[in-house]
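Protein chains in written order, with this note's numbering: chain A, 1 to 434; chain B, 435 to 573. From the three backbone atoms N, C-alpha and C, an ideal C-beta is built for every residue, glycine too. Bear in mind the structure is a predicted one, so any value in this text is a computation, not a measurement. Notes follow once the structure below has been shown.
See below:
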């Protein structure tokens, strides 16, 4: 929703109220509208129009007694208008128009009714609506960036401005992404429904990966000055909790939530007083959020109790839990972490997992064994553009006393690193070897 | 993100109305609200208090504390329980409070809960409290 800058003084409290209601209700409102109109793009459009109208109306007349009913009724009217404009007076039109009286349905008519029996949602369908919304927003026909933007806006209830701020891109870029995404969904004739059983597992993994992308962007900002954007990470956790509650029998929904909780538990200790990165070994573990750790460990327990073993997210969460329960780096169960990385490498092979396994091997067995793994990655040409490989290699060489090679690797890593804070840590390490 | 406490304040009348509501019905109504908080991912903690007539009041008006049975004699509003939720703004906390299945006549006070990080970290007592929070998972 538009930021209320430049408006009259009364616009600010109204904007905050609209924002608060929208954060809580957007998924239900857009979900219900999408089901009733059968048109996700239209539902999102009219919902945004209702939000824009609320900003004007609530700052003029105050917040209505039933803000959700107000938004829903207003959005339904816009949907009716839209159907009329398209002259699509078909069955759907009749359904949307429903009990709306003829005169009432015209835009600019009476103030929207705020009767709770006017809500076109069935409490028993809300869960399915929100799930369907998540699946549609993360649909495989969409680009990765579009999925993220659409999920945050339609499911998370964030405004384009908030999303743009979180990803450090201009507002029109986000707006264009969302517009294009809606057109793509319409062109691909994506229905607003839960995926069929055969596709469900694959589609769920698309949803999980979008939430994880949002979380990682918040927990390791890939660019810019800040190492962390905790509010963005928190949005992913909030959506992850909703997903885990809606799909309690999916181990990876709990696994992802556990991973996010356990990673977020370390946020307070990960940056120093000047915003600089603090490495795991130097973190003040007293600053780890014990409630978040407890929640994360409990979520791993729920994932494990479903009896299908841990998936990739669950395994990463189990690794994070090893760190979370260790009093220090030296007292960490590195052998268990190596085992977990081996398991992870089998279910979700990736060079990053291999590299992390190498780091764990260095701690459990020593730098020489670890360097062999890293050199295999180098020889295979994997991760060649990433700063991670030279930074780990530099660290291992340094521990083996091969100082000048180590320095060269760390300097290479600093050149490749896009995060200002992380880069300064790498340069500091390189300088210490001079 | 910030934590807010939603403090439920009942009156004698609202308490009496609550007692008249069938227990199963109350469980269902409150349970549905709690479930909403859980699904939205905002619930941190929640507790409700026992019958105020079973409580004790310690009054510090005199030189030595005076202990009496039961609830505050002349107070119109009785603290009945609380929720702690973690949300983006005070306005969001207010929106959640509006959704609470409250009994007519009762009130809800909304107060921010400062985190331990907001206290001076070099103070000995803050350090001790932090250690307790660390041991018990209450940070």
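Strand pairing of residue i, partner residues [DSSP]
i, result
"residue 271/A", "277/A"
"residue 493/B", "500/B"
"residue 438/B", "519/B and 546/B"
"residue 418/A", "According to DSSP, which records beta bridges pairwise, residue 418/A is partnered with nothing at all."
"residue 444/B", "512/B"
"residue 481/B", "516/B"
"residue 541/B", "443/B"
C-beta neighbour in chain B for residue i, strict 7 Å
i, result
"residue 2/A", "Here the model assigns residue 2/A a pLDDT of 47, short of 50, so the residue's position is not dependable, and the following value carries that caveat. It does not; no Cβ of chain B falls within 7 Å."
"residue 214/A", "no"
"residue 234/A", "yes"
"residue 263/A", "no"
"residue 331/A", "no"
"residue 29/A", "no"
"residue 238/A", "yes"
"residue 68/A", "no"
"residue 337/A", "no"
"residue 21/A", "yes"
"residue 24/A", "yes"
"residue 153/A", "no"
"residue 166/A", "no"
"residue 125/A", "no"
"residue 17/A", "yes"
"residue 415/A", "no"
"residue 295/A", "no"
"residue 180/A", "no"
"residue 302/A", "no"
"residue 290/A", "yes"
Selection from the options that minimises the alpha carbon distance to residue i
i, options, result
"residue 302/A", "290/A, 288/A and 317/A", "317/A"
"residue 190/A", "164/A, 202/A and 142/A", "142/A"
"residue 387/A", "409/A, 251/A, 397/A and 372/A", "409/A"
"residue 476/B", "502/B, 488/B and 529/B", "529/B"
"residue 295/A", "447/B, 435/B, 459/B and 479/B", "479/B"
"residue 307/A", "291/A, 183/A, 255/A and 395/A", "255/A"
"residue 168/A", "133/A, 217/A, 129/A and 397/A", "217/A"
"residue 463/B", "450/B, 435/B, 438/B and 537/B", "537/B"
"residue 145/A", "272/A, 166/A and 130/A", "166/A"
"residue 149/A", "132/A, 178/A, 140/A and 171/A", "178/A"
Any non-hydrogen atom of the ligand HEM closer than 6 Å to residue i Cβ
i, result
"residue 191/A", "The model on display carries no ligand, and the ligand HEM is accordingly not part of it."
Residue-chain proximity (residue i, chain A), Cβ-Cβ < 7 Å
i, result
"residue 545/B", "no"
"residue 475/B", "yes"
"residue 562/B", "no"
"residue 376/B", "Nothing about residue 376/B can be reported from this structure: the residues present for chain B run from 435 to 573 only."
"residue 568/B", "yes"
"residue 435/B", "yes"
Pair within 7 Å by beta-carbon distance, residue i and residue j
i, j, result
"residue 30/A", "residue 176/A", "no"
"residue 206/A", "residue 138/A", "yes"
"residue 531/B", "residue 461/B", "no"
"residue 21/A", "residue 55/A", "no"
"residue 236/A", "residue 267/A", "no"
"residue 258/A", "residue 299/A", "yes"
"residue 262/A", "residue 304/A", "no"
"residue 364/A", "residue 334/A", "yes"
"residue 315/A", "residue 279/A", "no"
Test: residue i CB closer than 7 Å to a CB of chain E
i, result
"residue 286/A", "Considering every chain present, this structure includes no chain E. Its protein chains are A and B."
Next on the checklist: Beta carbons nearer than 9 Å to chain A: which residues of the region 504 to 533 of chain B have them?
Outcome noted: 520, 521, 522, 523, 524, 525, 526, 527, 528, 529, 530, 532 and 533
Next on the checklist: Which residues of the region 546 to 558 of chain B have a Cβ closer than 8 Å to any Cβ of chain A? Give them in chain order.
Outcome noted: 551
Checklist entry - When you check each C-beta in the region 241 to 272 of chain A against every C-beta of chain B, which residues fall closer than 8 Å? => result 241, 242, 245, 246 and 268
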